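Chemist: I am attaching a structure below and will ask some questions about it afterwards.
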Amino acid sequence: MKKHLSFIIYHLSFSVFLLLTAHCLLLTSFAQSGGTQQNLTGRAGTFAITNARIVTVSGATIENGTIIIRDGKIESFGSNIKPGSGVETIDGKGLSVYPGMIDAATNMGLREISGGAPATVDVAETGNMNSNAKAITGINPHTSHINVTRVNGTTTVLSMPIGGLISGQSAVINLNGATQSEMAVIPTHSLIVNFPQVSTFAGFTPGVGPRFIEFNQAVTQRDKNVADLKKIFENAAAYAKARDAYAQNKSLPFTPTDLKMEAIIPYLRGEKPIIFTANRERDIRGAVKFAEEMKFKAIILGGAEAWKAADVLKKNDIPVIYTNVWSLPQSPDESYDSMFEAPAKMREAGIRFCIATGDDGANARDLPYQAGMASAYGLAKDEALKAVTLYPAQILGVADRMGSIENGKVANIVVTDGDILDARTNIKYLFIGGRLLPLTSRHTELYDAFKNRK
Amino acid sequence: MRKQTVFLMTIFLSILLSSAIFAQQKTDILIRNATVLTAANGTLENRDILIRNGKITQIGSNLKAAANAQIIDGTGKFVSPGIIDAHSHAMMNAINESSFAVTSMTRIRDVLDPTDPTIYRALAGGVTAANLLHGSANPIGGQNSVVKFKYGRPIEDFLIPDAPGGIKFAMGENVKRSNFQPQPGQPRRYPATRMGTVEVIRDAFIRARDYKQSWDDFRAKKTKVQPRKDMELEPLVEILEGKRLVHAHGYRSDEHLNLLRLADEFGFKIKTLQHGLEAYKIAPEIAKHGAGVSIFADYWGYKLEAYDSIPYNAAILWKNGVVVSINSDDPERIRRLNIDAAKMMKYGGIPEEEALKMITLNPAKQLGIDKRTGSIEVGKDGDIVVWSAHPFSVYARPEYTLVEGEIFFDRGRDILRRQDLARERAELEKNEANLPPEKRTRSERPRTSPTPGEEEGVQN
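Protein chains in written order, with the working numbering: chain H, 1112 to 1565; chain D, 1385 to 1844.
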């Protein structure tokens, strides 16, 4: 009888195992279906793009020039450059050469399908404080979003976790590579802090609708949340102090390793930037004040009303990653174009800023058009281009390596048949880290599969 | 007595005002020397357009207008037909009646709010008309409204009188409620699968056919007792009779095919497949049925059934002769449909005018209003956008948006008004009711209802 039971249990557990395996296979199969981008990491070589218009971004545009890519870097460019022997030449007549665009706010690789497919979502940990959660360990190098995005001209992104008070640490990655480390530019770039905001919204009551609290109450709540946030950093400071003290003097009490506290230390010491999400003026001012008090190296993410807080942002030299070109105005009575023209207003006010999509990844390819639209509403065209190339490079601290066409910079290069910010423009060649990449994606493959079906 | 005088004065004033508006409506508008993208007969350089009594009456050079005509200098500017969004939930105070699987008795007409700021923002993006659709929670949803965005007018003015009635159908994830948890103690609504969805629609049309028969018999005096009016089945009978247009939400190609076959079975046509993110997989079948498809230009990946969506969808459908429109389904995206249409030139090489049609003439066709709008042709409504640059340029901005020959958006005036609005706001903020709680003398103020469109609902 007992033997019989264990037999049943054995069989049951085996079928559960089979079921689970089948389930996993099913879920991973669509995340990686198409076989599009896997290992399509292009080929290295020495390349010359000749007779092209070279938009350097950091310097003057060269109307007819040549650019040489060697050992993954921009070796030289100019109007009098001759490609030597053994160089693969690409005729750039009628084409324009741009530095690859940089999207300073995405969840690239962390969220394949945002709705209805939780197995593909790794963007938000449970709990409120996840300083040790690192995007670089969750990014799927084989997400279809990577190819879809890069064939539109974006070559580098910041990918970040979301949710809670402290979401985790972002990574700056190039959109090429078979592994996370091959992609990494800065594997742990910044700490993502959702700065507590004044919000009268208090959640949904099912079947009834949204609940609200009074504004005063919302302010009190915000102040409490800010105090909680401060406490976390104070605890981390105390933790670091205790650990340092023990390292000096072993007779002191030992403080065991706390991964979450440990993760905060470089940010606490101002060695790395903290990205504070904040959109309304009062929340931006709150975040700036907090960063100033705590002596943090801060970046504002969102920045819908950042231009209204220009004084404090400039005083503390805090840049803004603006993700709201395609957001609705903050209130019904605000000008219809307030979010389109905010970049122009930031520029006018002298705030350091860049434009980013804030997208999970699937639609991050719209970056150039968001910049273009900001230009339709007041931002100069060359500034709009800088806002998605050189400025994000500067704000992310990678301008020594990318963001413009300069000798010695990483060869993240996009060759187009027109203005890179225009929606009608086609990308003709794409280099990341000097590798010439195929212009294929999940989308081109599905197109090829069905375009001639009768 | 004094009250009465005030009352009479008010009436007198409102008559005066409305006649002033009426008079304004009748003013000719002459757009001079613009580049005109007709969406029908190519691009015309240095052309004038005369709009009289709301209609385009002349397109030519050196046109003459009445002395009091309003002149818009189009030098260096581009003119396009007003954009038409074939899938929108603007102005709607409710989106889904999700309690039943079949809610054909519900009408979007009953939940329209003419003060929704989305309307003005859409006008500022060059949109002049929209198909306002019920949500996608049901295999058969509610009846739509097709409107012109006459912001500031009563709701009756928005409705296009001769637009054929339509209805929302839906298939797939939203219908089977895959992303929605029932409340505790609440049973799961049927259908929960794609199998059930098809059967719900089949059952509804069998009932509608029987119902129609009962009326036909009664009218032919074969029966004596008048059948009871059934508000659920009446619209379905109109579909069977070809009088009501079906706009069917769906994503996967197989579910679209199921619906097309079901329609064939009952002898009616699907007017548009809405979303149709995989329509490219079955383009020949869609062309054969004669359905149009209304899609996102390139928005994808936001849920499982949107994972096979490709931006080349429009190109494949267009090459198969399918009437394609690009929609927004979103109060934000509706403001930049021109950029979405521009993308279609890049993905699969759709010619410029065909891409422009996808946001103008094609949606007009899909909504049955192409006789009056959707292109710049003599005799059509003066639904026109004046752009600062070619509307497919990312740097373009609408300067004026006209609906039936009336300016409903004027960027220059909008900018001038901003100071006045700021002043008005500052004054309003001083009012007791608008003071922060600690500065108020009375304790509470009534909490207003949530902003329209913010309710939880299925849209995409």
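Glycine included, every Cβ here is placed at the ideal spot set by N, Cα and C.
Only a predicted model underlies this, so the values are computations on that prediction, with no experimental measurement involved.
1. Name, in chain order, the residues that DSSP records as bridge partners for TYR1540/H.
2. Determine the closest residue to ALA1508/D out of LYS1687/D, THR1419/D, THR1411/D, ASN1722/D, with distance taken between C-alpha atoms.
3. Quick one: what's got a C-beta closer than 8 Å to PHE1315/H's C-beta in the same chain, skipping five residues either side?
4. Which residue comes first and which comes last in the beta strand (DSSP E) that contains GLU1373/H?
5. Considering only C-alpha positions, which residue in the set ASP1412/D, THR1427/D, THR1411/D is nearest to ALA1418/D?
6. Could you pull out every unbroken alpha helix (DSSP H) segment of at least 4 residues lying fully inside the region 1717 to 1760 of chain D, listed in chain order?
7. Just the C-alpha distance for SER1552/H and LEU1151/H, rounded to the nearest angstrom, thanks.
8. By DSSP's criteria, ASP1845/D is part of a beta bridge. Which residues make up the other side?
9. Could you check if TYR1558/H is buried or exposed, using at least 16 other CB atoms within 10 Å of its CB as the buried criterion?
10. Quick check on SER1486/H - is its C-beta less than 8 Å from some C-beta in chain D?
11. Using a Cβ-Cβ cut-off of 6 Å (strictly less than) and excluding sequence neighbours within five positions of PRO1549/H, which residues of its own chain qualify?
12. Could you spell out where the beta strand (DSSP E) holding GLN1481/H opens and where it closes?
13. Find the residues of chain H that neighbour ARG1505/D, judging by a C-beta separation of less than 8 Å, and give them in chain order.
14. In terms of alpha-carbon separation, which member of GLN1597/D, TYR1574/D, LEU1620/D lies closest to PRO1611/D?
15. At which residues does the alpha helix (DSSP H) containing PHE1365/H begin and terminate?
16. So, at 7 Å on beta carbons, what are the nonlocal neighbours of ASN1815/D in its own chain, with the 5 sequence-adjacent residues on each side left out?
17. Report buried or exposed for ALA1188/H, applying the criterion of at least 16 other Cβ atoms within 10 angstroms of its Cβ.
18. In the DSSP assignment, what residue or residues form a beta bridge with HIS1640/D?
19. Do GLY1685/D and GLY1438/D have their beta-carbon atoms positioned less than 8 Å apart in this structure?
20. Looking at the secondary structure, which residues open and close the beta strand (DSSP E) in which THR1266/H lies?
21. Suppose the cutoff is 7 Å on Cβ atoms and the five residues either side in sequence are ignored; what does the same chain contact list for PRO1307/H look like?
22. For ASN1239/H, which residues of its own chain have a beta-carbon under 7 Å away from its beta-carbon, when the five flanking residues on both sides are left out?
23. Within 8 Å, do at least three Cβ pairs link the region 1481 to 1488 of chain H to the region 1510 to 1518 of chain H?
24. Work out the CA separation of TYR1535/D and PHE1542/D for me, nearest whole Å.
25. If you count every other CB in all the chains shown that lies within 10 Å of the CB of GLY1205/H, and 16 or more means buried, which is it?
26. Examine chain D for any beta-carbon lying closer than 8 Å to the beta-carbon of ALA1228/H, and answer yes or no.
27. Identify every run of the alpha helix (DSSP H) within the region 1429 to 1511 of chain H, keeping only runs that are complete inside it and at least 4 residues long; order them along the chain.
28. What three-state label does DSSP hand PRO1194/H in the structure shown?
29. Does the count of Cβ pairs from the region 1167 to 1185 of chain H and the region 1527 to 1538 of chain H closer than 8 Å reach three?
30. Please confirm whether LYS1425/H has its beta-carbon closer than 8 Å to some beta-carbon of chain B.
31. Candidates GLY1752/D, ARG1561/D, LYS1605/D: which alpha carbon is nearest ASN1522/D's?
32. Compare the C-beta of PRO1498/D with all C-beta atoms of chain H and state if any pair is closer than 8 Å.
33. Distance cutoff 8 Å, beta carbons only. Does LYS1342/H sit that close to anything in chain D?
34. Kindly indicate which residue of ASN1251/H, GLU1382/H, ASN1285/H, GLY1220/H has the alpha-carbon position closest to the one of LEU1302/H.
35. At what residues does the beta strand (DSSP E) containing GLN1280/H begin and finish?
36. Closest to ASP1648/D by CA distance: which of GLU1669/D, LYS1665/D, GLN1658/D is it?
Modeler: Looking at the coordinates:
1. VAL1526/H
2. Nearest in C-alpha terms to ALA1508/D, of all of LYS1687/D, THR1419/D, THR1411/D, ASN1722/D, is ASN1722/D.
3. Shown here for PHE1315/H: same chain residues with a beta carbon closer than 8 Å to its own, the five before and five after excluded, namely PRO1321, ARG1322 in chain order.
4. Segment 1370 to 1379 is the alpha helix (DSSP H) holding GLU1373/H; no beta strand (DSSP E) there.
5. THR1427/D
6. 1721 to 1730, 1736 to 1741, 1745 to 1751
7. 10 Å
8. Given that chain D is displayed from residue 1385 to residue 1844, the structure contains no residue 1845/D and the question cannot be resolved.
9. Buried, by the Cβ-count rule.
10. yes
11. LEU1151
12. Here GLN1481/H belongs to no beta strand (DSSP E); instead the alpha helix (DSSP H) covers 1478 to 1487.
13. LEU1439, PRO1440, TYR1447
14. GLN1597/D
15. Segment: none, PHE1365/H is in no alpha helix (DSSP H) and carries neither H nor E.
16. none
17. Just to set this straight, residue 1188/H is Phe in the shown sequence, not Ala. PHE1188/H is buried by the Cβ-count criterion.
18. Bridge partners of HIS1640/D: none, in fact.
19. no
20. Looking at the DSSP string, the run of the beta strand (DSSP E) that includes THR1266/H is 1265 to 1270.
21. Excluding residues within five positions, the ones whose Cβ falls inside 7 Å are ARG1333, ASN1336, VAL1337, LEU1340.
22. GLY1275, LEU1276
23. no
24. 8 Å
25. exposed
26. yes
27. 1449 to 1460, 1478 to 1487, 1492 to 1497, 1501 to 1507
28. coil
29. Proximity of the region 1167 to 1185 of chain H to the region 1527 to 1538 of chain H falls short of the contact definition, fewer than three beta-carbon pairs being nearer than 8 Å.
30. Of the protein chains in this structure, namely H and D, none is chain B.
31. Of GLY1752/D, ARG1561/D, LYS1605/D, the residue nearest in Cα terms is ARG1561/D.
32. no
33. no
34. GLU1382/H
35. First-last of the beta strand (DSSP E) with GLN1280/H: 1277 to 1280.
36. GLU1669/D
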